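Trainee:
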Amino acid sequence: MATHAGGLTKDPRPAVPGTRDPRPAAPGTAAPAVRAGRLVRRFGDRTVLKEIDLALGAGEFTALLGRSGSGKSTLLRAVAGLDHDVEGSGELLVPERVSLSFQDSRLLPWLRVLDNVTLGLRGPGARDRGLTALAEVGLAGRERSWPHELSGGEQQRAALARALVRDPELLLADEPFGALDALTRIKMHDLLRELYERHRPAVLLVTHDVDEAVELADRVLVLDEGAISVDLAIDLPTPRDRRDPRFQEHRDALLAALGVHSDPHASVPPQPAPRQEDRPHVSHA
Ligand SMILES: Nc1ncnc2c1ncn2[C@@H]1O[C@H](COP(=O)(O)OP(=O)(O)OP(=O)(O)O)[C@@H](O)[C@H]1O
20 MATHAGGLTK DPRPAVPGTR DPRPAAPGTA APAVRAGRLV RRFGDRTVLK EIDLALGAGE
80 FTALLGRSGS GKSTLLRAVA GLDHDVEGSG ELLVPERVSL SFQDSRLLPW LRVLDNVTLG
140 LRGPGARDRG LTALAEVGLA GRERSWPHEL SGGEQQRAAL ARALVRDPEL LLADEPFGAL
200 DALTRIKMHD LLRELYERHR PAVLLVTHDV DEAVELADRV LVLDEGAISV DLAIDLPTPR
260 DRRDPRFQEH RDALLAALGV HSDPHASVPP QPAPRQEDRP HVSHA
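Per our numbering, residue 20 is the first one in the sequence shown, and the count goes up by one each step.
1) Helix, strand or coil: which one does DSSP assign to E70?
2) Judging by CA-CA distance, which residue of V113, Q175, R161 is the nearest neighbour of F121?
3) Going by the DSSP bridge assignment, what does T257 pair with across the sheet?
4) Straight-line CA distance for I205 to V59?
5) Using the Cβ count rule (16 or more neighbours within 10 Å means buried), how would you classify R42?
6) Between A55 and the rest of its own chain, which residues show a CB-CB distance below 6 Å, the 5 nearest in sequence each way excluded?
7) Expressed to the nearest angstrom, what Euclidean distance is found between the alpha-carbon atoms of T226 and A232?
8) What separation, rounded to the nearest whole angstrom, lies between the Cα atoms of R265 and A182?
9) Considering only heavy atoms of ligand 1, does any lie closer than 8 Å to the CB of T81?
10) Can you name the residues that DSSP bridges to S120?
11) By a C-beta neighbour count over all protein chains shown, 10 Å radius and 16 as the cutoff for buried, is R86 buried or exposed?
12) What residues match up with G160 in a beta bridge as DSSP calls it?
13) Would A292 be called buried (16 or more neighbouring beta carbons within 10 Å of its own) or exposed?
14) Let me make sure I understand the geometry here. Which of G100, P256, S248, H280 has the alpha-carbon closest to that of L83?
15) If you compare alpha carbons, which of D243, L223, A272 is closest to I71?
16) Between the alpha carbons of F196 and V98, how many angstroms are there, rounded?
17) Tell me whether P166 sits in a helix, a strand or coil according to DSSP, three-state version.
18) Measure the C-alpha to C-alpha separation of L371 and G144 and round it to an integer number of angstroms.
19) Exposed or buried, what is G47 when buried is set at 16 or more other beta-carbons lying within 10 Å of its beta-carbon?
20) Could you give the C-beta distance for A221 and G78, rounded to a whole number, given that I count them as a contact under 8 Å?
21) Please indicate yes or no: does the CB of S87 lie closer than 8 Å to some heavy atom of ligand 1?
22) Would the beta-carbon of K91 be found less than 8 Å away from any heavy atom of ligand 1?
23) Is there a Cβ of chain B sitting closer than 9 Å to that of A178, yes or no?
24) Going by the C-beta, is E194 closer than 8 Å to any heavy atom of ligand 1?
25) Closer than 8 Å to a non-hydrogen atom of ligand 1 - does that hold for the CB of H103?
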């Protein structure tokens, strides 16, 4: 476990690099991969995170939904340790090996694909690990390509390979498929879920897309007014069928929590109608 904090109380017990937190989990819960207590983030006089408590189980796939501007990226950045101005009196514990993925692939344009994937990896096995990761995401043979020679979906695949090659205990993903077309998105959903099931990191996926959340995650959180307003377990077998009535029940519950009602037979527009920029994205396969 590592601790990182700006104004946060560090865990008093010694951290052992590369090991999981040895302390027992609360009864009935998996050992946490992430534990954050009373996270607070203010921008000027606006408080975006209001004493948020967050515990993510090891190997648990969690999606984080919320309206635009609700603070999803702020929370993810806080957990990633990228924001040193997070306040709070609580603790923030994360695993040693954390990988990040964003809407843009953030591949370095001056490095070939394999060098992007293995950047910062040490040891004689790094190249082979990079090649294995590229093969896993369907990019075998593209190791010598430049990033600009890959399509948007392929760039995101390379970014996933870069994340996975580090064998993360925690994958933090901020709208990783937000810029992709609908068909590529569907393929990437399948790929992410497959890779997750093979490697089992804890995942925190920030998304606007309610269907994406229900399809991929085993737990969905909704961030609203600076607090976690919904914590919903998605207890459906995978792969998930969007036409399954239970899928739709979860979807409707989440849409309602986001202030959108999704009766396809309704003759009036959903009420209350959020502003266009606030409206959560609902994709249709
Ligand atoms: N560096 C900053 N300075 C000032 N305000 C900020 C800063 N970063 C974020 N904010 C504000 O904090 C709020 C939450 O932003 P954040 O990006 O976390 O929201 P979000 O839920 O991820 O939004 P979206 O879904 O649109 O990406 C917004 O109102 C935003 O304007």
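C-beta atoms are modelled at their ideal positions from N, C-alpha and C, and glycine is treated no differently. In this text the structure is predicted, and so the values were computed from the model without any measurement.
Mentor: Working from what's here:
1) Strand, per DSSP.
2) When each option's Cα is compared against that of F121, the closest is Q175.
3) Beta-bridge analysis with DSSP links T257 to no other residue.
4) Roughly 35 Å between the two C-alpha positions.
5) Residue placement at R42 cannot be trusted, given a pLDDT of 38 that sits under 50; the coordinates are not used to answer.
6) For A55, where only same-chain residues beyond five positions count, the Cβ hits under 6 Å are L73, L111.
7) As the crow flies, the alpha-carbon of T226 is around 7 Å from that of A232.
8) Each residue's alpha carbon lies about 32 Å from the other.
9) Answer for T81: no, Cβ out of range of ligand 1.
10) Bridge partners of S120: A192.
11) Classification for R86: buried.
12) According to DSSP, which records beta bridges pairwise, G160 is partnered with nothing at all.
13) With a pLDDT of 42 at A292, under the threshold of 50, the modelled position of this residue cannot be trusted; read the value that follows with caution. The residue is exposed, with fewer than 16 neighbouring Cβ atoms inside 10 Å.
14) When each option's Cα is compared against that of L83, the closest is S248.
15) When each option's Cα is compared against that of I71, the closest is D243.
16) Rounded to the nearest angstrom, the two C-alpha atoms are 20 Å apart.
17) In this structure, P166 counts as helix in the three-state DSSP scheme.
18) Residue 371 is absent from the structure shown; the chain starts at 20 and stops at 304.
19) Because the pLDDT at G47 is just 41, under 50, the model does not fix this residue reliably, and the point stays unresolved.
20) That belief holds up - the Cβ atoms of A221 and G78 are roughly 6 Å apart, short of 8 Å.
21) Result yes, Cβ under 8 Å from ligand 1.
22) Judged by the Cβ position, K91 qualifies as a neighbour of ligand 1 at the 8 Å threshold, a heavy atom of the ligand being closer than this.
23) The structure shown contains no chain B; it holds only a single protein chain.
24) Yes, Cβ of E194 sits closer than 8 Å to a heavy atom of ligand 1.
25) In terms of side-chain proximity, the C-beta atom of H103 is found no nearer than 8 Å to any non-hydrogen atom of ligand 1.
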